[in-house]
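Asks:
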Amino acid sequence: MATRFNPRAADARWQAVWAERESFRADDNSPKPRAYVLEMFPYPSGRIHMGHVRNYTMGDVVARHKRMTGHEVLHPMGWDAFGMPAENAAMEKGVHPGGWTRDNIAAMRTQLKALGLAIDWSRELATCEPTYYGQEQRLFLDLYAAGLVYRRESAVNWDPVDMTVLANEQVIDGRGWRSGAVVEKRKLNQWFLKITDFAEELLEGLGALDHWPDKVKLMQENWIGKSRGLRFRFDFVGSSDGFEVFTTRPDTIFGASFAALSPDHPIAERLAQDSPELAAFIAECRATGTAAAEVETQEKRGFPTGLSVVHPLDHDRHLPVWIANFVLMDYGTGAIFGVPAHDQRDFEFAWKYELPIARVVAPAGDEDAPVTGEAYTGPGVIVNSHFLNGMSVEDAKAAVIARAEHDGWGEGTTVWRLRDWGVSRQRYWGTPIPIIHCDACGPVPVPRDQLPVVLPEDVSFDVPGNPLDRHPSWKHVDCPTCGTPARRETDTLDTFVDSSWYFLRFASQPDDRPFDPAVVARWLPVGQYIGGVEHAILHLLYARFWTRALKHIGLIDVAEPFAGLFTQGMVTHETYKAPDGRWLAPEEIDNGIVTATGEAVTVGRVEKMSKSKRNTVDPAPILDGYGADAVRWFMLSDSPPERDLPWSEAGIEGAWRFVQRIWRLVDGLERADGQDAAVDRKVARTVVGVGEDIDSLSFNKAVAKLYELVGVLEKAGPSRSKTEAISVLIRLVAPMVPHLAEEAWASLGEDGLVSDASWPAVDPALLVDDTVTVALQVNGKLRDTIEVPKGLAKDSLETMALGSEKVRRMLDGAAPRKVIVVPDRLVNIVA
RNA sequence: GCGGACGUGGCGAAACCGGUAGACGCGGCGGACUUAAAAUCCGCUUCUCGAGGAGAGUGCGGGUUCGAGUCCCGCCGUCCGCACCA
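7 is the number of the first residue of the first sequence in our numbering; add one for each residue after it.
1) List the DSSP bridge partners of residue 788.
2) Does the distance from the C-beta atom of residue 820 to that of residue 813 stay below 7 angstroms?
3) Is it a yes or a no for the segment 543-551 touching the segment 500-509, going by three-plus beta-carbon pairs under 8 angstroms?
4) Check the C-beta distance from residue 337 over to residue 423 and give it rounded, since I have them as a contact under 8 angstroms.
5) Assign residue 392 to buried or exposed, taking buried as 16 or more other Cβ atoms, counted over all protein chains shown, within 10 Å of its Cβ.
6) Look at the alpha carbon of residue 152 and the alpha carbon of residue 191, and state the distance between them as a whole number of angstroms.
7) Nearest by alpha-carbon distance to residue 131: which of 121, 85, 200 and 655 is it?
8) If you drop the 5 nearest sequence neighbours on each side, which residues of the same chain put their C-beta closer than 6 angstroms to that of residue 817?
9) How is the beta strand (DSSP E) around residue 344 delimited, first residue to last?
10) Hey, how far is the Cα of residue 266 from the Cα of residue 145?
11) Curious, which full-length alpha helix (DSSP H) runs of at least 4 residues does the segment 270-296 contain?
12) Go through its chain and collect everything with a Cβ distance to residue 24's Cβ below 7 angstroms, but skip five positions before and after it.
13) For residue 299, which residues of its own chain have a beta-carbon under 6 angstroms away from its beta-carbon, when the five flanking residues on both sides are left out?
14) Which residue's Cα is closest to the Cα of residue 231: 208, 216 and 221?
15) Could you tell me how far apart the beta carbons of residue 694 and residue 773 are, in whole angstroms, since I believe they sit closer than 8 angstroms?
16) Just how far apart, CA to CA, sit residue 779 and residue 723?
17) Near residue 739, which residues of its chain fall below 8 angstroms by C-beta distance, leaving aside the five closest residues on each side in sequence?
18) Taking 7 angstroms as the cut-off, decide whether the C-beta atoms of residue 436 and residue 530 are in contact.
19) Between residue 402 and residue 372, what straight-line distance do the alpha-carbon atoms span, to the nearest angstrom?
20) Buried or exposed: which applies to residue 635, given that a residue is buried once 16 or more other Cβ atoms fall within 10 Å of its Cβ?
21) Only counting runs of 4 or more residues, tell me where the alpha helix (DSSP H) segments fall wholly within the segment 681-709, in order along the chain.
22) Rounded to the nearest angstrom, what separates residue 129 and residue 604 at their Cα positions?
23) When DSSP labels each residue in this structure, what does residue 196 get in the three-state scheme?
24) If I measure Cβ to Cβ from residue 181 and keep anything under 8 angstroms in the same chain, skipping five residues before and after, which residues do I get?
25) Would you please state the rounded distance, in angstroms, between the beta carbons of residue 4 and residue 77? I believe it to be under 8 angstroms.
26) Decide if the segment 532-540 is in contact with the segment 567-575; the criterion is three or more beta carbon pairs, one per stretch, under 8 angstroms apart.
27) Expressed to the nearest angstrom, what Euclidean distance is found between the alpha-carbon atoms of residue 395 and residue 328?
28) The alpha helix (DSSP H) spanning residue 558 covers which residue range?
29) Using the Cα positions of residue 269 and residue 648, report the straight-line distance between them to the nearest angstrom.
30) Kindly list the residues whose CB is nearer than 7 angstroms to the CB of residue 544, restricted to its own chain and excluding five residues on each side of it in sequence; keep chain order.
31) With DSSP as the reference, identify every bridge partner of residue 226, one or two as the case may be.
32) Report the rounded CA-to-CA distance for residue 158 versus residue 195, giving the unit in angstroms.
33) If you scan the segment 401-430 from start to end, which runs of the alpha helix (DSSP H) of 4 or more residues do you find wholly inside it?
34) Just the Cα atoms here: how many angstroms apart are residue 297 and residue 734?
35) Name the DSSP beta bridge partners of residue 572, please?
36) Spatial neighbours of residue 310 within its chain, please: C-beta separation below 7 angstroms, excluding the five flanking residues on both sides.
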């Protein structure tokens with residue numbers, strides 16, 4: 007009597023067995039080779055979404071496969087538990103961020119466990135617990151002691167209603183995303199980490215990351231933004247006073263027709279004190295948003311200071327000094343020289359204010375052609391430039407730098423786009439910065455024996471602003487140095503700090519320090535890290551920096567935290583619209599009709615699941631209905647893992663059918679003797695192929711090979727080969743559909759758990775085919791195929807090809823002009 | 001604007017080093033089983049014409065080659081990242 011695989015019963019049963027046996031506990035002292043498999047830990051929003059399911063399924067397949075191939079596997083899970091949503095919930099619902107977060111963690115832990123992940127839950131951590139963030143405070147103080155942390159005044163986006171700092175992404179059209187209030191630029195004292203000290207290292211280090219996607223490495227390279235150029239000093243006419251500029255095009259120095267300062271430049275601010283017009287201009291520049299695309303369309307504007315500077319290579323030439331809205335204070339020196347002929351921004355500026363546009367670079371033959379319409383940025387030879395004339399652009403750059411250094415007015419230098427990492431957040435739900443401010447002693451680190459600095463529980467969110475700042479007692483402490491009354495730092499750390507070292511804490515979590523370096527050394531670097539591309543820059547760069555900083559101060563011995571990185575695609579879904587244009591959720595629709603109203607539905611593009619488009623699918627009911635294995639199988643099927651995966655009802659149905667097909671093979675197995683060579687060969691090829699596909703994370707290809715094998719086994723008659731093949735099949739699918747695999751393993755009467763089984767061995771002889779199919783082409787077009795023994799000689803193949811009836815018909819009596827024979831592949835006859 | 005990726009059936013996709021394009025899955029069509037449905041099984045499913053068979057075909061236009069989805073040149077389109085970076 008045929009039965010069905012029933013995930014409702016099986017999933018929970020096997021999950022309980024794994025938990026009880028601690029099957030996935032990682033042993034720090036194991037003699038086996040180690041594999042650290044990690045997926046980016048989730049923010050505990052309250053429910054898992056399909057993106058989590060896909061991410062953790064992929065990691066789980068890798069982890070389980072590594073176990074089967076003899077590795078000691080570390081595959082942990084934790085919670086990126088600090089951050090704004092908890093405070094927003096507190097404000098909206100009046101709940102405590104801690105309670106809200108911990109409830110969410112409990113709910114999501116249950117959901118993740120229902121996926122049957124091979125996780126070492128004994129290492130679970132949450133960044134919002136003092137046991138974690140207290141250790142983070144230690145690391146922060148270590149970096150502080152090493153001079154990698156500093157404090158300075160910096161401009162921030164300030165929301166005057168919510169009384170908080172906003173990230174650039176939270177400023178929409180110049181207004182706070184929550185309050186809608188017009189955002190102000192404010193200067194606040196903020197803590198910074200000196201990531202720029204590591205710019206060169208972080209850039210160079212990318213070169214050794216062979217198992218990272220090129221795309222991510224390139225994005226980081228661009229973000230770090232290394233530029234070589236010349237930094238030099240302009241003196242005001244008749245004065246020894248002046249300012250520095252930076253350029254990557256010193257070769258165009260004779261084409262300069264003006265100098266420009268950023269509106270935020272100290273000289274501009276000084277001049278503004280005596281000039282209300284300039285002060286007004288600067289205020290206008292600051293008012294217009296620095297955000298996004300509006301910059302592109304924004305007009306170049308300037309304010310003439312009336313001052314001039316001396317050209318360093320021609321003291322008789324004086325360049326007017328402008329304040330210009332397109333000069334950024336935080337790149338280079340905040341000042342430039344303008345070469346309108348060869349820089350598009352300078353060109354637009356010069357055009358508007360009628361400044362000279364002098365060509366100094368020209369393609370051959372165009373030496374005297376004026377530059378019109380747009381700046382010329384192409385290659386060429388230097389012209390109109392005294393001693394540079396006739397040089398290439400590259401030679402001229404070197405020559406000008408050499409001259410500047412020889413004469414002492416400038417030097418070749420490197421400028422970075424990367425800026426130091428501001429980590430201060432004026433929020434409650436984050437790691438308290440372990441610093442005490444004393445009027446007499448300045449900022450003083452909290453003594454180690456007073457760590458952790460724990461967040462107070464009794465806080466309210468009924469008024470805007472930082473609850474830590476207005477808490478009646480928390481911030482009032484005595485100075486650790488002089489004992490006089492002092493104040494705690496009330497800012498908390500950016501949550502990216504929390505996620506910059508959690509992978510170290512997973513490897514080792516002693517009570518009295520952040521980690522044991524010896525144990526960390528055994529596990530790190532992470533062998534395979536998996537997560538979304540949205541973290542390609544910030545998280546992955548910060549984690550690289552933090553790891554390097556810890557190595558720099560001697561706490562660990564690894565420089566790069568993640569040896570292998572994989573960025574998976576999103577889970578997408580069709581979108582639906584009602585006739586009136588409102589978005590419809592999938593469950594409101596039946597067969598192209600809105601269930602409630604009978605209206606026709608317009609099916610829109612397949613897009614990333616999002617609340618606004620209402621095209622999300624909650625994994626929970628799907629897991630209930632189909633079980634974990636069908637969901638996992640679907641997540642691995644069809645789409646390559648780096649690409650988006652369109653979710654569909656039909657797709658999950660297909661996965662469900664396949665799970666049952668495997669079960670029927672096991673359930674309906676008739677044991678018999680006798681060999682089936684074709685089955686043996688197919689099995690051997692599949693074992694090797696699936697193993698390779700999992701190693702390269704090509705899960706969709708592994709899935710296709712498994713479908714093929716199942717198809718072959720379904721058609722094969724009973725034999726010893728088939729019986730063994732089914733046992734092999736179960737081991738091959740075990741990383742993907744572990745519950746079914748355990749159930750089948752037990753049903754087959756195999757020993758122990760399939761989770762502890764080894765990956766099947768293969769007889770290499772079975773991988774070699776003794777016959778091959780050879781294609782016969784005439785003029786490159788396929789006309790026939792022949793089965794021949796592998797390795798058949800060229801002349802035999804040629805003879806057979808010319809003997810083919812279909813080939814003869816195509817040749818129509820004509821003698822072949824040429825015959826190309828590729829043994830074991832094809833014969834091409836050129837007529 | 002700069003940088004990058006990608007473009008293959010109705011859909012998701014495969015195709016190792018230039019060598020039988022479309023494996024595998026979804027959907028669709030036809031059939032079997034059944035009182036019926038579900039489940040399951042079998043066959044067909046790139047397009048065009050057709051009895052067999054033939055022709056076309058990997059975004060478009062060229063090129064290299066006995067042979068191009070794959071290599072080269074030029075377009076077009078989609079997506080992603082950065083965005084006044086001197």
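Note that CB positions come from ideal geometry on N, CA and C, so glycine has one too.
Replies: This is what the structure gives:
1) Along the first sequence, read from residue 1 onward, the residue named residue 788 stands at position 782. DSSP, once it has assigned bridges, lists 783 as partnering residue 788.
2) Counted from its first residue, the first sequence places residue 820 at position 814. Counted from its first residue, the first sequence places residue 813 at position 807. Going by C-beta atoms, residue 820 is not nearer than 7 angstroms to residue 813.
3) Contact holds: three or more Cβ-Cβ distances are below 8 angstroms.
4) As a first step, residue 337 is located in the first sequence; it is residue number 331 there, counting from the start. As a first step, residue 423 is located in the first sequence; it is residue number 417 there, counting from the start. Contact holds; Cβ gap of about 7 angstroms.
5) Sequence index remark: in the first sequence, residue 392 carries index 386 (1-based). Only exposed fits residue 392, as fewer than 16 other CB atoms lie within 10 angstroms of its CB.
6) Within the first sequence, numbered from 1, the residue matching residue 152 stands at position 146. Within the first sequence, numbered from 1, the residue matching residue 191 stands at position 185. Cα-Cα distance, rounded: 31 angstroms.
7) Within the first sequence, the letter at position 125 stands for residue 131. Ranking the options by Cα distance to residue 131, first place goes to 85.
8) One-based indexing of the first sequence puts residue 817 at position 811. Result list for residue 817: 837, in chain order.
9) Numbered from its first residue, the first sequence carries residue 344 at position 338. Run containing residue 344: 341-344, per the beta strand (DSSP E) assignment.
10) Your numbering for residue 266 matches position 260 in the first sequence. Your numbering for residue 145 matches position 139 in the first sequence. Rounded to the nearest angstrom, the two C-alpha atoms are 43 angstroms apart.
11) 272-278 and 282-293
12) As a position in the first sequence, residue 24 is number 18, starting the count at 1. Result list for residue 24: 30 and 761, in chain order.
13) Working through the first sequence from its first residue, we reach residue 299 at position 293. Bear in mind that a pLDDT of 46 at residue 299, under 50, signals an unreliable position, so the number given afterwards is only what the model happens to contain. The same chain holds no residue with a CB closer than 6 angstroms to that of residue 299 once the five nearest residues on each side in sequence are set aside.
14) The residue you call residue 231 lines up with position 225 of the first sequence. The residue with the shortest Cα to Cα distance from residue 231 is 208.
15) Position 688 of the first sequence, counted from the first residue, corresponds to residue 694. Position 767 of the first sequence, counted from the first residue, corresponds to residue 773. The C-beta distance from residue 694 to residue 773 rounds to 7 angstroms, short enough to meet the 8 angstroms contact threshold.
16) Taking the first sequence and counting its residues from 1, the one referred to as residue 779 is at position 773. Taking the first sequence and counting its residues from 1, the one referred to as residue 723 is at position 717. So the two alpha carbons sit approximately 25 angstroms from each other.
17) For this step, residue 739 is matched to residue 733 along the first sequence. Taking C-beta separations shorter than 8 angstroms and ignoring five residues to either side along the sequence, the partners of residue 739 in its chain run 668, 712, 746 and 747, following chain order.
18) For the purposes of this step, residue 436 is taken as residue 430 along the first sequence, with counting starting at 1. For the purposes of this step, residue 530 is taken as residue 524 along the first sequence, with counting starting at 1. Contact: no.
19) Taking the first sequence and counting its residues from 1, the one referred to as residue 402 is at position 396. Taking the first sequence and counting its residues from 1, the one referred to as residue 372 is at position 366. Distance between the alpha carbons of residue 402 and residue 372: 18 angstroms.
20) Here residue 635 refers to the residue found at position 629 of the first sequence. Residue 635 is buried by the Cβ-count criterion.
21) Listed in chain order, the complete alpha helix (DSSP H) runs (minimum 4 residues) inside the segment 681-709 are 683-701.
22) In the first sequence, residue 129 corresponds to position 123, counting from 1. In the first sequence, residue 604 corresponds to position 598, counting from 1. Note on geometry: alpha-carbon atoms of residue 129 and residue 604 lie some 52 angstroms from one another.
23) Position 190 of the first sequence, counted from the start, is the residue given in the question as residue 196. Strand.
24) Locating residue 181 in the first sequence gives position 175, where the first residue counts as 1. Once the five neighbours on either side are set aside, the close Cβ partners of residue 181 are 187, 188 and 189.
25) No answer is possible for residue 4: it lies beyond the span of the chain, which begins at 7 and ends at 837.
26) yes
27) Taking the first residue of the first sequence as 1, we reach residue 395 at position 389. Taking the first residue of the first sequence as 1, we reach residue 328 at position 322. In a straight line, the C-alpha of residue 395 is about 28 angstroms away from that of residue 328.
28) Working through the first sequence from its first residue, we reach residue 558 at position 552. From DSSP, the alpha helix (DSSP H) with residue 558 extends over 544-558.
29) By 1-based counting over the first sequence, the position of residue 269 is 263. By 1-based counting over the first sequence, the position of residue 648 is 642. Between the C-alpha atoms of residue 269 and residue 648 there is a straight-line separation of about 44 angstroms.
30) Here residue 544 corresponds to residue number 538 of the first sequence, with the count starting at 1. Taken in chain order, the residues that qualify are 502.
31) Locating residue 226 in the first sequence gives position 220, where the first residue counts as 1. Its beta-bridge partners do not exist; DSSP assigns none.
32) Here the question's residue 158 lines up with position 152 in the first sequence. Here the question's residue 195 lines up with position 189 in the first sequence. For residue 158 and residue 195, the distance between alpha carbons rounds to 5 angstroms.
33) none
34) Residue 297 sits at position 291 when you count from the first residue of the first sequence. Residue 734 sits at position 728 when you count from the first residue of the first sequence. With a pLDDT of 45 at residue 297, under the threshold of 50, the predicted position of this residue should be treated as unreliable, and no value is reported.
35) For this step, residue 572 is matched to residue 566 along the first sequence. Residue pairing for residue 572: DSSP places it in a beta bridge opposite 536.
36) The count along the first sequence starts at 1 and reaches residue 310 at position 304. Within the same chain, residue 310 has close Cβ partners 326 and 328.
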